[in-house]
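A.B. asks:
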Amino acid sequence: MTRSMDLNGQWKLSNQDKTVQVSAKVPGQVHLDLIQANIIHDDPYYGTNYVKESMRKIIYNTWTLERTFDMDQEFTHAILDCEGLDTLTSINLNGTVIGSTDNQFRNYHFDITKALIAKSNVLRITFDNAVRISKDKADAYPYYVPDMFNMSAAQHGFPNRNFVRKEQCSFSWDWGPAFAPCGIWRPISIKLDNQGLLTKKWTLLTSFNSTLDVWEVQICASVISARDQHLQLQLQFFGGLPTIEHTFMVTAGDHTLCHSFTVNKSLVELWWPRGYGVQKLYRLEASLLNDKGSRVAVRDFEYGFRTCDLVQKPLVQGQPGDSFHFRVNGIDIFVKGANWIPGHVFDSSMTMEKKRSLLQSCVDANMNMIRIWGGGRYETDAFYQLCDELGIMVWQEFMFACALYPTDRPFLENVKQEVKDQVSRLMCHPSIILWSGNNENQEFMVKGSPSAGLISENPYTERYVLQENERGLYGDVHFYDYKHNGLHVEYYPKARFVSEYGAQSMPSLKAWKKVSSSKDWHPLSELCIHRNHHGNGQREMLQQIE
120 MTRSMDLNGQ WKLSNQDKTV QVSAKVPGQV HLDLIQANII HDDPYYGTNY VKESMRKIIY
180 NTWTLERTFD MDQEFTHAIL DCEGLDTLTS INLNGTVIGS TDNQFRNYHF DITKALIAKS
240 NVLRITFDNA VRISKDKADA YPYYVPDMFN MSAAQHGFPN RNFVRKEQCS FSWDWGPAFA
300 PCGIWRPISI KLDNQGLLTK KWTLLTSFNS TLDVWEVQIC ASVISARDQH LQLQLQFFGG
360 LPTIEHTFMV TAGDHTLCHS FTVNKSLVEL WWPRGYGVQK LYRLEASLLN DKGSRVAVRD
420 FEYGFRTCDL VQKPLVQGQP GDSFHFRVNG IDIFVKGANW IPGHVFDSSM TMEKKRSLLQ
480 SCVDANMNMI RIWGGGRYET DAFYQLCDEL GIMVWQEFMF ACALYPTDRP FLENVKQEVK
540 DQVSRLMCHP SIILWSGNNE NQEFMVKGSP SAGLISENPY TERYVLQENE RGLYGDVHFY
600 DYKHNGLHVE YYPKARFVSE YGAQSMPSLK AWKKVSSSKD WHPLSELCIH RNHHGNGQRE
660 MLQQIE
């Protein structure tokens, strides 16, 4: 197998002038390390602490995480595998700059073969101020690129979030605070070759070929080979499918090895959304063997077989209006669900146990879909695996929200790599039934719906702009009402598909007590008004209650 050296765990954290030097935990974020070290004395969630200068100066500083380690294994190739760096970094190993990053959502690989030494390797990752960098980029851009939410003073946040590929709500949102955290937020490791082969990543994709009436499976491995050699791919299926073998001839260097094959549909049991059938998942063990018969790489997958279509067809011939619904395995699905935003401003504080509890609550409430909202973050592999098991369909958005975005070549190339990383990582999950481009960017531009449906499927042509008499007849709708009694359904839209309902609410008193004092226990208290980033939101809520 490809050997891996885990770099998670204890690191050292320091600021630019070394006045702060504390222990740090990876994966994590700088704020959490400073809380643990008692540098931050106040609970960031309490009262208005999130806008205090003592909290904001953390954002404006430059922070460095450092770790020392020995390398007592022999190797031909070594790469530093960074699954998530938040966000703008410079990476230094033993005095040599080995790379930099500018995207929280990318999986970065850096060749460190020549930079490693046997003893006392020093790895330093320096995180720059994302708020300052985003402003500098916006100021230098040839034209104004607006970001809707962060233009309001009621947000108590930072502008120009659209110029940096970072969790958009971390610069503030109407429901959440601005901390703009930084740190090694996902696992980090060193991958070493095994007998002349280093495997960077594996991918798996299943799809149905309706022309041949068979399932197609494609598996790929991205590798670095130290020499010319034969490699044998072995695919061991658990659950009734036959074993597959295939041989590759590779030369020295980087390669992406892909093998596709078909599976008779009579051998396959389908994965179904909750309430429509069983959530059948198959296990696959993929291995690469070298020309000596030694296993040099292995990866386990759990995956499923299902078809999915977003159906946008005329409801009545000759009349305006198209459908907007999902068809899984040929069956139309009635969707019941909710939107999923980051459960905590600091990702590592939102544990898998908490996520499991929320997803189980979705199941208990008879939901069958969640929409991963585009202003937050892509979830972990374990999260989507749980959705697979529970039969919860996932509407997955790319991380763009309520803004226009730069269109210069470096920005677009950065986004292109982000999309490749995330889609290739997640495409084995049957629960993900839709990739959506963003949250409300189109609505921001043209005051229409989140999407306006299609003009035609072939060639694929989107409508983009709805006429006044077409609203609700095409695409999906987001519905917010800050005026009427929420129980009066006659005010609700008669839409094809409502992918977001917005309703303001106070937190439970139990939760509110943790972050407030008794003087704040009134809907028009100074703290309530301050923390509702939707202007005049508290009075609107009272009006609706009345």
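End of the sequence shown = 665 in our numbering, gap-free, step of one. Yeah, the Cβ is synthetic: ideal placement off N, Cα and C, and Gly gets one too. Note that the structure is predicted; figures quoted are calculated from it, not measured.
(1) Give me the Cβ distance between residue 557 and residue 517, rounded to the nearest whole Å; I'm assuming they're in contact under 8 Å.
(2) Sorted by chain position, which residues of the same chain lie with C-beta nearer than 8 Å to residue 206's C-beta, five sequence neighbours on each side aside?
(3) Check whether the region 414-432 touches the region 546-553, counting contact only when three or more Cβ pairs, one atom from each stretch, lie closer than 8 Å.
(4) Which residues mark the beginning and the end of the beta strand (DSSP E) in which residue 445 is found?
(5) My guess is that residue 594 and residue 572 are in contact by the Cβ rule of under 8 Å, so how many angstroms apart are they, rounded?
(6) Identify every residue that forms a DSSP beta bridge with residue 76.
(7) Could you give the distance in angstroms between the alpha-carbon of residue 94 and the alpha-carbon of residue 577?
(8) Short check: CB of residue 336 to CB of residue 367, under 8 Å?
(9) What ranges does the alpha helix (DSSP H) occupy inside the region 504-585, keeping only unbroken runs of at least 4 residues that lie completely in it?
(10) Going by DSSP in three states, residue 160 sits in which element: helix, strand or coil?
(11) Could you tell me if residue 310 is buried or exposed, where buried requires 16 or more neighbouring beta carbons within 10 angstroms of its beta carbon?
(12) Residues in its own chain within less than 8 Å of residue 346 by CB, not counting five upstream and five downstream?
(13) To which residues does DSSP link residue 350 through a beta bridge?
(14) With H, G and I counted as helix, E and B as strand and the rest as coil, what does DSSP make of residue 122?
(15) Is the region 631-647 close to the region 163-175, with three or more CB pairs under 8 Å?
(16) Can residue 444 and residue 430 be called in contact, C-beta distance under 8 Å?
(17) Decide if residue 312 is buried, meaning its Cβ has at least 16 other Cβ atoms within 10 Å, or exposed.
(18) Starting from residue 140, trace the beta strand (DSSP E) both ways and give me its first and last residue.
(19) Which two residues bound the contiguous alpha helix (DSSP H) that contains residue 131?
(20) Roughly how many whole angstroms lie between the Cα atoms of residue 604 and residue 657?
(21) Could you please give the first and the last residue of the uninterrupted alpha helix (DSSP H) stretch that includes residue 390?
(22) Hey, out of 567, 420, 244, 490, whose CA is closest to residue 588's CA?
(23) Would you call the region 258-267 and the region 197-213 touching, i.e. three or more CB-CB distances under 8 Å?
(24) Are the CB atoms of residue 489 and residue 520 within a distance shorter than 8 Å?
(25) So which of 421, 191, 413, 305 has the shortest CA-CA distance to residue 85?
(26) Report back the beta-carbon spacing between residue 393 and residue 509 to the nearest angstrom; my notes put them in contact at under 8 Å.
(27) Starting from the N-terminal side, write out each stretch of the beta strand (DSSP E) that is 3 residues or longer and does not extend beyond the region 580-653.
(28) Would you tell me roughly how many angstroms separate the C-alpha atoms of residue 390 and residue 619, rounded to the nearest one?
(29) Compare the beta carbon distance of residue 460 and residue 481 with 8 Å and say whether it is the shorter of the two.
C.D. replies: So, from the data block:
(1) 6 Å
(2) 220, 221, 222, 223, 246, 249, 283, 284, 285, 301
(3) yes
(4) 444-447
(5) 4 Å
(6) There is no way to answer for residue 76, as the model of the chain reaches only from 120 to 665.
(7) No answer is possible for residue 94: the residues shown for the chain start at 120 and end at 665.
(8) no
(9) 528-545, 560-565
(10) coil
(11) buried
(12) 315, 371
(13) 367
(14) strand
(15) yes
(16) yes
(17) buried
(18) 140-145
(19) Where residue 131 is concerned, there is no enclosing alpha helix (DSSP H), although the beta strand (DSSP E) it sits in stretches over 128-134.
(20) 15 Å
(21) Segment: none, residue 390 is in no alpha helix (DSSP H) and carries neither H nor E.
(22) 567
(23) no
(24) no
(25) Since the displayed the chain opens at 120 and closes at 665, residue 85 lies outside it and no answer follows.
(26) 6 Å
(27) 596-599, 617-621
(28) 26 Å
(29) no
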